[in-house]
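Each residue of the sequence shown is one higher than the last, beginning at 3 in the working numbering.
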Amino acid sequence: MSKNYYQLINRVDQRSNPDLFQMKALYAEENATSKLFENKKLANAVVYIYVQKAMKGVAPDYTTNSKIAANQVEAHLKKSHGKEVHFERQGSVMTNTHILKDNDIDLVQITNKSKGVDHVRLQSTLANPSLLNPIEHKNLKKHSDDFSQYAGNQLSDLKNIRTQSEIILESTYKEVDIQKENSIYVLVSSPKRDVDVVIATYYKGIDYMKTNLNHRRGIQIYNKKLDSLSNVDYPFWSIKRINERSILTNGRLKNMIRFMKNVKYDCDTIDNKGAIRSFHINAICYNIDVKRYQYAYFLDLLPVINDELIQILNNKSYRDNIKSVDGTEIIFEKDCDKKLLEISFLQFEISQILTDLDLKNKNFI
């Protein structure tokens, strides 16, 4: 075989289950059958075990402790900030697609004093009422009537929250990094977890104002170094979309995301902080037609992923239409050459795993 799967299995175990919690089976793992790999003896092969473990992700009990750690940090901050901030969670923990034992969870502190508003689109959309249903028009009209320019200084508010948070966390925890531009790093000792604390403001985009659904709200993250706000992101919409599609596919979407993350992490030719990040892997897997994998056995997800990566590499018009999970960004628009290079590395790694599975399958027949 082309890889040292014993070593890869050990790495996956260290990342996904360092505390050695009991792991659950994949969807219908015992009863489902593969269209491509029919021999049941294959289940004893190390390549089979690696794929299985790489898809399972982090032990649920470990994830629960990550959330407990974030709750502890929130409790300390809430004592000081009071009603000035609202707390949210973002990141792969909220979709259960995380694989690493570090950088476990993002705790987002959101100011209650002010919000960003897409006022230009609000007014232009209201100017075309025939394109709106009655509820949308009513909601937009209320947002327009209630709109008023914030009299304070939003950046100053966020800077104060950041400064105050640094003081609180440094006085509470032994290991705190306040030098990061977009977040404060905290190491919680019990349970031992990394928590990143982000300071942000809500952003009311047109889709939120049409519906008033909380998961359609955007956020803008405060950058300490630049004293500025990031572009608008819609993490809660992304979380909801991934979770809902994974329910539709009985967990298969998340299995593919975790598998790609693990393969990327173990690929020596890809920098873990390279061009392809979790954001892009989420988008690539989410873009795959559900009909191609909705009822697939877990081994049969590999050719689905492999075919998708080949399509991305060879078909410019196809990849140019792949958007982020929240639908706001074309993921190959920037740094395309670097991303394609890393995609080619990923595709090569997955094709090798497929070859090893095929060889083992034939050997057992």
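Backbone N, C-alpha and C define an ideal beta-carbon position, used for all residues, glycine too.
Determine the DSSP secondary structure at residue i, reduced to helix, strand or coil.
{"i": "residue 202", "result": "strand"}
{"i": "residue 308", "result": "helix"}
{"i": "residue 293", "result": "helix"}
{"i": "residue 92", "result": "strand"}
{"i": "residue 50", "result": "helix"}
{"i": "residue 6", "result": "coil"}
{"i": "residue 187", "result": "strand"}
{"i": "residue 224", "result": "strand"}
{"i": "residue 1", "result": "Lying outside 3 to 367, the shown extent of the chain, residue 1 is not represented and no answer is given."}
{"i": "residue 112", "result": "strand"}
{"i": "residue 196", "result": "strand"}
{"i": "residue 229", "result": "coil"}
{"i": "residue 81", "result": "helix"}
{"i": "residue 335", "result": "coil"}
{"i": "residue 180", "result": "coil"}
{"i": "residue 107", "result": "strand"}
{"i": "residue 119", "result": "strand"}
{"i": "residue 33", "result": "Note that residue 33 scores 44 on pLDDT, short of 50, meaning its location in the model is unreliable and no value can be drawn from it."}
{"i": "residue 147", "result": "helix"}
{"i": "residue 69", "result": "helix"}
Take residue i as the anchor and find which of the options has the nearest alpha-carbon.
{"i": "residue 49", "options": "6, 200 and 197", "result": "6"}
{"i": "residue 53", "options": "138, 257, 281 and 74", "result": "257"}
{"i": "residue 343", "options": "312, 330 and 363", "result": "312"}
{"i": "residue 252", "options": "348, 58 and 267", "result": "58"}
{"i": "residue 324", "options": "360, 291 and 232", "result": "291"}
{"i": "residue 279", "options": "267, 117 and 193", "result": "267"}
{"i": "residue 101", "options": "283, 359, 305 and 358", "result": "283"}
{"i": "residue 346", "options": "118, 239, 316 and 301", "result": "316"}
{"i": "residue 248", "options": "178, 287, 60 and 206", "result": "287"}
{"i": "residue 168", "options": "75, 331 and 309", "result": "75"}
{"i": "residue 235", "options": "215, 207, 250 and 336", "result": "207"}
{"i": "residue 16", "options": "45, 61 and 4", "result": "61"}
{"i": "residue 135", "options": "209, 162 and 318", "result": "209"}
{"i": "residue 63", "options": "84, 318 and 194", "result": "194"}
{"i": "residue 277", "options": "250, 329 and 339", "result": "339"}
{"i": "residue 374", "options": "166, 204 and 250", "result": "Absent from the structure is residue 374, since the part of the chain shown begins at 3 and ends at 367."}
Could you name the residues of the same chain whose beta carbon sits closer than 6 Å to that of residue i, not counting the 5 residues immediately before and after it, in chain order?
{"i": "residue 31", "result": "Reliability of the predicted coordinates at residue 31 is poor, the pLDDT of 44 falling under 50, and the value obtained from them is presented with this limitation in mind. No residues qualify anywhere along the chain."}
{"i": "residue 138", "result": "212"}
{"i": "residue 178", "result": "171, 172 and 188"}
Applying the criterion that 16 or more other CB atoms from any shown protein chain within 10 Å of the CB defines a buried residue, is residue i buried or exposed?
{"i": "residue 8", "result": "exposed"}
{"i": "residue 108", "result": "buried"}
{"i": "residue 237", "result": "buried"}
{"i": "residue 220", "result": "buried"}
{"i": "residue 67", "result": "buried"}
{"i": "residue 350", "result": "exposed"}
{"i": "residue 341", "result": "buried"}
{"i": "residue 18", "result": "buried"}
{"i": "residue 310", "result": "buried"}
{"i": "residue 215", "result": "exposed"}
{"i": "residue 358", "result": "buried"}
{"i": "residue 4", "result": "exposed"}
{"i": "residue 198", "result": "buried"}
Would you report the Cα separation of residue i and residue j, rounded to the nearest angstrom?
{"i": "residue 176", "j": "residue 264", "result": "31 Å"}
{"i": "residue 362", "j": "residue 47", "result": "7 Å"}
{"i": "residue 275", "j": "residue 65", "result": "23 Å"}
{"i": "residue 271", "j": "residue 149", "result": "51 Å"}
{"i": "residue 171", "j": "residue 188", "result": "7 Å"}
{"i": "residue 348", "j": "residue 269", "result": "8 Å"}
{"i": "residue 145", "j": "residue 113", "result": "19 Å"}
{"i": "residue 360", "j": "residue 94", "result": "32 Å"}
{"i": "residue 71", "j": "residue 128", "result": "44 Å"}
{"i": "residue 111", "j": "residue 143", "result": "29 Å"}
{"i": "residue 140", "j": "residue 122", "result": "17 Å"}
{"i": "residue 223", "j": "residue 43", "result": "51 Å"}
{"i": "residue 230", "j": "residue 201", "result": "11 Å"}
{"i": "residue 133", "j": "residue 125", "result": "13 Å"}
{"i": "residue 185", "j": "residue 161", "result": "12 Å"}
{"i": "residue 192", "j": "residue 69", "result": "12 Å"}
{"i": "residue 355", "j": "residue 305", "result": "10 Å"}
Residues in the same chain with beta-carbon distance under 7 Å from residue i, minus the five sequence neighbours each way, listed in chain order, please.
{"i": "residue 285", "result": "324, 325, 326, 327 and 333"}
{"i": "residue 226", "result": "164 and 183"}
{"i": "residue 245", "result": "97"}
{"i": "residue 11", "result": "48, 51, 52 and 55"}
{"i": "residue 13", "result": "268"}
{"i": "residue 353", "result": "308"}
{"i": "residue 289", "result": "324"}
For residue i, I'd like the list of residues in its chain whose CB is within less than 8 Å of its CB, leaving aside the five on either flank, ordered along the chain.
{"i": "residue 241", "result": "92, 96, 97 and 217"}
{"i": "residue 115", "result": "86, 152, 154, 156 and 159"}
{"i": "residue 320", "result": "313 and 314"}
{"i": "residue 99", "result": "59, 244, 256, 259, 260, 263, 280 and 284"}
{"i": "residue 303", "result": "57, 254, 257, 258, 261 and 295"}
{"i": "residue 78", "result": "170, 171 and 174"}
{"i": "residue 336", "result": "none"}
{"i": "residue 89", "result": "76, 79, 80, 109, 110, 111 and 112"}
Quick check: is any heavy atom of the ligand SAM less than 7 Å from the C-beta of residue i?
{"i": "residue 328", "result": "In the structure on display, the ligand SAM does not appear, and there are no ligands present to speak of."}
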